[in-house]
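Chains as they are written, first to last, in the working numbering: chain A, 4 to 372; chain B, 4 to 372. The C-beta atom is built at its ideal place from N, Cα and C for all residues, glycine as well. No experiment lies behind these values; they were computed from the predicted model shown. Report on one structure; see the data block that follows.
There are 2 protein chains.
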Amino acid sequence: MPDGVIGGEIIVAFVNPPAKLHTVATINPPRFIDNGTLSMSQKPHLTFDLDEPGVNKGYLVVPTGTDREALPLPVLSLNKGEGPRLLITAGIHGDEFEGPIVALRLIDWLIEAQTCGRVLIAPMLNPTALEAWSRRSPVDRLDLNRVFPGRPNGSISERTASAVSELLLPTVDMVFDLHSFGPKFDCPPAATTHPIGDADLMRKTLNMAAAFKFPVTLAWDGPTQGMFDTLVQSQGKVFVCAELGSGTVSADALAVAEAGVRNAIIELGLVEGKTEYPTPRQMKTNLTLESLTSDQLTSPARGIFEPRCSVLDELSEGDLVGLLHPLDPWSSKAIEIRASTTSIVCSLRTGMQVDVNDGLVYLARPLNL
Amino acid sequence: MPDGVIGGEIIVAFVNPPAKLHTVATINPPRFIDNGTLSMSQKPHLTFDLDEPGVNKGYLVVPTGTDREALPLPVLSLNKGEGPRLLITAGIHGDEFEGPIVALRLIDWLIEAQTCGRVLIAPMLNPTALEAWSRRSPVDRLDLNRVFPGRPNGSISERTASAVSELLLPTVDMVFDLHSFGPKFDCPPAATTHPIGDADLMRKTLNMAAAFKFPVTLAWDGPTQGMFDTLVQSQGKVFVCAELGSGTVSADALAVAEAGVRNAIIELGLVEGKTEYPTPRQMKTNLTLESLTSDQLTSPARGIFEPRCSVLDELSEGDLVGLLHPLDPWSSKAIEIRASTTSIVCSLRTGMQVDVNDGLVYLARPLNL
Numbered sequence: 004m005p006d007g008v009i010g011g012e013i014i015v016a017f018v019n020p021p022a023k024l025h026t027v028a029t030i031n032p033p034r035f036i037d038n039g040t041l042s043m044s045q046k047p048h049l050t051f052d053l054d055e056p057g058v059n060k061g062y063l064v065v066p067t068g069t070d071r072e073a074l075p076l077p078v079l080s081l082n083k084g085e086g087p088r089l090l091i092t093a094g095i096h097g098d099e100f101e102g103p104i105v106a107l108r109l110i111d112w113l114i115e116a117q118t119c120g121r122v123l124i125a126p127m128l129n130p131t132a133l134e135a136w137s138r139r140s141p142v143d144r145l146d147l148n149r150v151f152p153g154r155p156n157g158s159i160s161e162r163t164a165s166a167v168s169e170l171l172l173p174t175v176d177m178v179f180d181l182h183s184f185g186p187k188f189d190c191p192p193a194a195t196t197h198p199i200g201d202a203d204l205m206r207k208t209l210n211m212a213a214a215f216k217f218p219v220t221l222a223w224d225g226p227t228q229g230m231f232d233t234l235v236q237s238q239g240k241v242f243v244c245a246e247l248g249s250g251t252v253s254a255d256a257l258a259v260a261e262a263g264v265r266n267a268i269i270e271l272g273l274v275e276g277k278t279e280y281p282t283p284r285q286m287k288t289n290l291t292l293e294s295l296t297s298d299q300l301t302s303p304a305r306g307i308f309e310p311r312c313s314v315l316d317e318l319s320e321g322d323l324v325g326l327l328h329p330l331d332p333w334s335s336k337a338i339e340i341r342a343s344t345t346s347i348v349c350s351l352r353t354g355m356q357v358d359v360n361d362g363l364v365y366l367a368r369p370l371n372l
Numbered sequence: 004m005p006d007g008v009i010g011g012e013i014i015v016a017f018v019n020p021p022a023k024l025h026t027v028a029t030i031n032p033p034r035f036i037d038n039g040t041l042s043m044s045q046k047p048h049l050t051f052d053l054d055e056p057g058v059n060k061g062y063l064v065v066p067t068g069t070d071r072e073a074l075p076l077p078v079l080s081l082n083k084g085e086g087p088r089l090l091i092t093a094g095i096h097g098d099e100f101e102g103p104i105v106a107l108r109l110i111d112w113l114i115e116a117q118t119c120g121r122v123l124i125a126p127m128l129n130p131t132a133l134e135a136w137s138r139r140s141p142v143d144r145l146d147l148n149r150v151f152p153g154r155p156n157g158s159i160s161e162r163t164a165s166a167v168s169e170l171l172l173p174t175v176d177m178v179f180d181l182h183s184f185g186p187k188f189d190c191p192p193a194a195t196t197h198p199i200g201d202a203d204l205m206r207k208t209l210n211m212a213a214a215f216k217f218p219v220t221l222a223w224d225g226p227t228q229g230m231f232d233t234l235v236q237s238q239g240k241v242f243v244c245a246e247l248g249s250g251t252v253s254a255d256a257l258a259v260a261e262a263g264v265r266n267a268i269i270e271l272g273l274v275e276g277k278t279e280y281p282t283p284r285q286m287k288t289n290l291t292l293e294s295l296t297s298d299q300l301t302s303p304a305r306g307i308f309e310p311r312c313s314v315l316d317e318l319s320e321g322d323l324v325g326l327l328h329p330l331d332p333w334s335s336k337a338i339e340i341r342a343s344t345t346s347i348v349c350s351l352r353t354g355m356q357v358d359v360n361d362g363l364v365y366l367a368r369p370l371n372l
């Protein structure tokens, strides 16, 4: 990039590996003692009545804590009476902008097209993180999607999770949470879920995910404690995590992402219309995959990762995924990262500096339903 | 992105607008008084003899200063005797990994294929910045490509620039400096130059740039003080800045980038071969463009930028480039960013949070040679 002409300096600090991160998060952030009762101003509240018919805009107010003042989160209510009740959330992670932009783009369409039921849209659930282009809020360094159901007297992320859990979630039957892989990965748009113990809810969830008609519908395994997903599913409700893409947030990527969410809304019956497979360039595919914890290949050392395959490539065991160059390229040979099993490349780290244990690639395979 | 599963937390701080950055850079970094003479250990040096024939690997050692110890920069010399003398540099900016990876990929090919002349490859000129995934070195916060020709007793970036200027540049006739637009922009691979006062050198430079056969050959206007480009051109030598892409660093993007640099090396006669237009997906074009300072549209306010066009789109005056959403989407309407003139979209900000005066888009138009 040319110097001085385009603004916006990024200062980046890595806190790795993830295990460490988690330790930091549980030891360092400010903690607040619940005092048993909360005054009105300390309670989360909505600035408007969700039961009002029609279109209503307002805020979910996260109350003041010792770490920062009250935080108003924009919420839009589209109440067309009886029917499915859907909550669309976005911006939980501050380096994933596809969700907030797509959530905003849905509004005019829904105002025009919604025929029944209720849709709540909360397009920016983590504004302090979004302002910092950072996954976590710089205020408490916690991952908002690790602290659900939150704590009413906790830090800003915990208070936010608590406000959403108490005031938005009870009013809906289903949640679409809009994420992306952020700027450090390459991946196709995917509607995803973690495996769910309740087989009936798992089936319903996968069916709903498939309704996005994204190139990939994915069930992936991994730790789920403190996730919004887990809370919603524990209440027997369908939760689809839409991973809307990665890398640069382009007009093309946004159009595909928006089309996918519209498909799911149409499938729910909230809008009458015809669903179509959105066709991202070079991704005319529709796969249902599963990815296990063992499918995640992590970096064996510090170095510069060079991807040598592409997302959606089919690999055999031993095929080259990428190279890990030593930081001093004359000190030793590059380490070859190879596929552990016959698989499909589901997401791939961008070519950049990585630390030991950083994720490099998610492999996946067809899920037999 | 899923939580806790893939490591690598990014903490990002914005220092905007660019004008401010420059103020910070000139006031805050440590400054060192030149003491007139330098002892041997304080002098930059090469660990090997560039005049040795054949393939030689070693280091350009940037001497110890008060801000950090000596920094060895890897350098490879491919000396096949008489012929063009080319320096390939990469990794001047630490959030642009296409260059370092492509520079490493060229080595095996050149060892096999080079028939004459000399090639010097310095794949990682700014290792402390590359380790931090940050444009600037975190040690002195200076932009290495703003401090040429450097100062032998300055901060780490200034000492690096000085070492390159003194020990590498005098041994070559031409420089290819490998950059990219980094993770915050979308742009096609482009071989670029700033306008040069010397018409003959400008013609030679544009011809060399065109030899990459990238989708775009670009002459762009802008401040050039302290740039490596300016120093090299002031010595009457050809300097091509290859902007190898943007966003995620994928295998496809790397293949195109490498093919372009190989084309230019073949055109120089260092390697015998046939050049071909690399064909990035959806970018089967070969344009020679110019972009003026007035073609750079910057953000009129803080907000979330939503791109509404794509790179290489042709725009008429007034066409929509993107929307700037207020941070509170209920507070006011989105600001429409529109093309100032009939133009071609050369590079475009990714959808993300931007500050006032941040660059949003570079427009360009055909350059009449």
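Could you give the first and the last residue of the continuous beta strand (DSSP E) run that contains residue i?
| i | result |
| --- | --- |
| alanine 93 of chain B | 88 to 93 |
| leucine 337 of chain A | The sequence given here places alanine at residue 337 of chain A; leucine does not occur at that position. Neither: alanine 337 of chain A is in no beta strand (DSSP E) and is coded neither H nor E. |
| glutamine 228 of chain A | Counting along the chain, glutamine 228 of chain A falls outside any beta strand (DSSP E), and DSSP gives it neither H nor E. |
| methionine 355 of chain A | 355 to 357 |
| alanine 222 of chain B | 219 to 223 |
| leucine 76 of chain B | 74 to 83 |
| serine 302 of chain B | Serine 302 of chain B -> no beta strand (DSSP E), and no H or E assigned at all. |
| leucine 351 of chain A | 346 to 352 |
Quick one: give me the first and last residue of the alpha helix (DSSP H) that residue i is part of.
| i | result |
| --- | --- |
| alanine 262 of chain B | 254 to 270 |
Under 7 Å between beta-carbons, which chain B residues line up against residue i? List them in chain order, please.
| i | result |
| --- | --- |
| lysine 60 of chain A | Trp333 |
According to DSSP, simplified to helix, strand and coil, what is residue i?
| i | result |
| --- | --- |
| asparagine 371 of chain A | coil |
| arginine 138 of chain B | coil |
| arginine 108 of chain B | helix |
| arginine 162 of chain A | helix |
| aspartate 203 of chain B | helix |
| glycine 321 of chain A | coil |
| proline 310 of chain A | strand |
| glutamine 238 of chain B | coil |
| lysine 187 of chain A | helix |
| phenylalanine 179 of chain A | strand |
| threonine 118 of chain A | coil |
| alanine 194 of chain A | strand |
| threonine 291 of chain A | strand |
| asparagine 31 of chain B | Only weak support exists for where asparagine 31 of chain B lies, its pLDDT of 30 falling under 50; the value from the coordinates is given anyway. Asparagine 31 of chain B: coil per DSSP, three-state reduction. |
| glycine 68 of chain B | coil |
| arginine 144 of chain A | coil |
| arginine 154 of chain A | coil |
| alanine 214 of chain B | coil |
| glycine 39 of chain A | Reliability fails at glycine 39 of chain A, whose pLDDT of 40 lies under 50, so the model's placement of it is uncertain and the value that follows must be treated cautiously. Three-state DSSP puts glycine 39 of chain A in coil, outside helix and strand. |
| glutamate 279 of chain A | coil |
| glutamate 55 of chain B | coil |
| glycine 61 of chain B | strand |
Since residue i and residue j are thought to touch, with beta carbons under 8 Å apart, how far apart are those beta carbons, to the nearest angstrom?
| i | j | result |
| --- | --- | --- |
| proline 87 of chain A | methionine 177 of chain A | 7 Å |
| aspartate 70 of chain A | serine 158 of chain A | 5 Å |
| cysteine 312 of chain B | leucine 366 of chain B | At roughly 10 Å, the Cβ-Cβ gap does not stay under 8 Å, so cysteine 312 of chain B and leucine 366 of chain B are not in contact. |
| valine 252 of chain A | phenylalanine 242 of chain A | With a Cβ gap of about 24 Å, valine 252 of chain A and phenylalanine 242 of chain A do not count as contacting. |
| glycine 455 of chain B | alanine 245 of chain B | Coverage of chain B is limited to positions 4 through 372, which leaves residue 455 of chain B absent and any answer about it impossible. |
| aspartate 220 of chain B | alanine 194 of chain B | Aspartate is not the amino acid found at residue 220 of chain B; the sequence shown has threonine there. Correct: roughly 5 Å between the Cβ atoms. |
| methionine 127 of chain A | alanine 164 of chain A | About 15 Å; that fails the 8 Å criterion. |
Which residues in chain A have a C-beta closer than 7 Å to the C-beta of residue i? List them in chain order.
| i | result |
| --- | --- |
| cysteine 312 of chain B | Ala254 |
| aspartate 189 of chain B | Thr251, Ser253 |
| leucine 171 of chain B | Going along chain A, no residue has its Cβ under 7 Å from leucine 171 of chain B, so there is no contact; the nearest lies around 16 Å. |
Strictly below 9 Å CB to CB, what residues from chain B border residue i?
| i | result |
| --- | --- |
| leucine 295 of chain A | Within chain B, no residue comes near leucine 295 of chain A; the closest Cβ sits about 11 Å away, beyond 9 Å. |
Going along chain E, which residues have a C-beta under 7 Å from residue i?
| i | result |
| --- | --- |
| methionine 355 of chain A | Given the protein chain composition of this structure (A and B), no chain E is represented. |
So which residues on chain B does residue i lean against when the C-beta distance must stay under 8 Å?
| i | result |
| --- | --- |
| isoleucine 104 of chain A | Ile307, Glu309, His328, Gly354 |
| proline 369 of chain A | Correct list: empty, because the minimum Cβ distance to chain B is about 20 Å. |
Tell me whether residue i, by its Cβ, gets closer than 7 Å to a heavy atom of the ligand ADP.
| i | result |
| --- | --- |
| aspartate 98 of chain B | This structure simply doesn't include the ligand ADP, nor any ligand for that matter. |
So which residues on chain A does residue i lean against when the C-beta distance must stay under 8 Å?
| i | result |
| --- | --- |
| leucine 257 of chain B | Glu309, Pro310, Gly354 |
Query raised in the report: Using a Cβ cut-off of 8 Å, which residues of the segment 135 to 153 of chain B contact any Cβ in chain A, in chain order?
Result: Flagged, chain order: Ala135, Trp136, Ser137, Arg138, Arg139, Pro141, Asp146, Asn148, Arg149.
Query raised in the report: Taking a cut of 8 Å between CB atoms, which residues from the segment 111 to 126 of chain A lie near chain B?
Result: Those would be Pro126, in chain order.
Requested in this report: May I ask you to list, following chain order, the residues of the segment 296 to 309 of chain B that have a beta carbon less than 9 Å from some beta carbon of chain A?
Outcome: Along the segment 296 to 309 of chain B, the positions whose C-beta sits under 9 Å from a C-beta of chain A are Thr296, Gln299, Thr301, Ser302, Arg305, Ile307, Phe308, Glu309, read in chain order.
**Report entry** Interface residues of the segment 229 to 249 of chain A facing chain B [CB-CB below 7 Å]
**Finding:** Within the segment 229 to 249 of chain A, the residues whose Cβ lies closer than 7 Å to some Cβ of chain B are Met230, Ser249, listed in chain order.
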